[in-house]
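To start, the structure itself, in structure tokens.
Numbering (full-length UniProt numbering), first residue to last: 1 to 264.
Right, here's the structure in full:
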């Protein structure tokens with residue numbers, strides 16, 4: 001009888017342990033990669049503050065920020081990828097330089113990549129560090145990898161299609177491994193026309209042409225909020241400009257111009 005009771009208690013404990021353990025080992029998806037995460041029920045969720053910030057955005061503030069194309073997720077995914085130093089998998093000795101070159105050619109056939117991005121891709125495929133560096137340097141010498149040209153094309157694309165400002169573009173390029181020099185040069189070329197000697201008028205780091213274009217884009221957002229109070233309208237356009245990475249000087253200038261254009 002005692003043995004029977006002990007067996008019941010033991011099964012009950014196993015059942016409890018199983019039910020408690022199941023939700024603790026939860027698979028969290030980051031950019032398509034499953035990551036096993038262990039949660040402690042005695043402490044608050046690690047990302048609780050992030051959830052709160054999204055909840056705040058959902059209370060009417062979602063109109064402050066235009067939905068952007070799926071390509072923007074590319075920056076978020078890349079930022080979550082591990083660097084070569086963080087990849088714990090041992091390199092596979094049977095992977096040759098020729099294999100690495102073929103992979104790089106296939107990748108570059110889909111879109112442009114920075115040197116750091118390709119290095120991470122190769123490390124993720126378990127090529128040895130020596131092979132990775134040799135292939136990256138070889139493709140650089142042949143002009144197939146050029147971070148400077150990449151930065152210029154990326155900056156122009158984000159500015160013309162998404163109205164990203166200098167700060168947000170700089171952040172994205174930094175995450176992609178572009179050097180500070182190449183980043184600054186690209187941003188200056190796009191927003192100031194490449195002129196640093198005073199021949200072209202610059203307003204808070206933006207040429208007159210760039211400021212005029214930004215004003216046109218901001219005006220569209222401004223007109224969308226005609227049915228709300230003046231303060232709410234002003235708050236929305238400020239958030240819209242901040243989210244895109246413009247300095248406070250630029251934001252202040254654009255807002256004043258929008259307000260003056262509204263006066264009868």
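Beta carbons: idealized from backbone N, C-alpha and C, even for Gly. Remember, predicted model here, so these are calculated numbers, not experimental data.
- Contact check for residue 218 against residue 254 passes: the beta carbons are separated by less than 8 angstroms.
- Taking a contact as a CB-CB distance under 8 angstroms, the pair residue 135 and residue 101 counts as one, their CB atoms being some 6 angstroms apart.
- Take the alpha-carbon of residue 259 and the one of residue 235: they are about 12 angstroms apart.
- Counting of Cβ neighbours within 10 angstroms places residue 141 among the exposed residues, the total staying below 16.
- Taking C-beta atoms as the reference points, residue 245 and residue 159 fail to come closer than 8 angstroms.
- Runs of the alpha helix (DSSP H) lying entirely within the region 100 to 159 and spanning at least 4 residues, in chain order: 115 to 124 and 129 to 141.
- With distances taken between CA atoms, residue 173 lies nearest to 150 out of 227, 150, 144 and 139.
- By the Cβ-count criterion, residue 231 is exposed, with fewer than 16 other Cβ atoms from all chains shown falling within 10 Å of its own Cβ.
- Ranked by Cα distance from residue 147, the options 189, 181, 121 and 122 are led by 181.
- Across the structure, residue 220 and residue 143 are spaced so that their CA atoms are roughly 41 angstroms apart.
- Judged by their CB atoms, residue 176 and residue 116 are nearer to each other than the 8 angstroms cut-off.
- DSSP, reduced to helix, strand and coil, places residue 207 within a strand of the structure shown.
- Here the alpha carbons of residue 162 and residue 113 stand approximately 20 angstroms from one another.
- Taken through DSSP and simplified to helix, strand or coil, residue 226 comes out as coil.
- In chain order, 218, 221, 222, 255 and 258 place their CB closer than 7 angstroms to the CB of residue 237, counting only its own chain and leaving out the 5 sequence neighbours on each side.
- Contact check for residue 155 against residue 186 passes: the beta carbons are separated by less than 8 angstroms.
- Under the DSSP assignment, residue 248 falls in the alpha helix (DSSP H) whose first and last residues are 248 to 262.
- The alpha carbon of residue 212 has as its nearest neighbour, out of 225, 191 and 226, the alpha carbon of 191.
- For residue 96, no alpha helix (DSSP H) encloses it, and the DSSP letter there is neither H nor E.
- If you check the CB distance, residue 95 and residue 126 come in under 8 angstroms.
- Under the three-state reduction of DSSP, residue 244 is assigned to coil, being neither helix nor strand.
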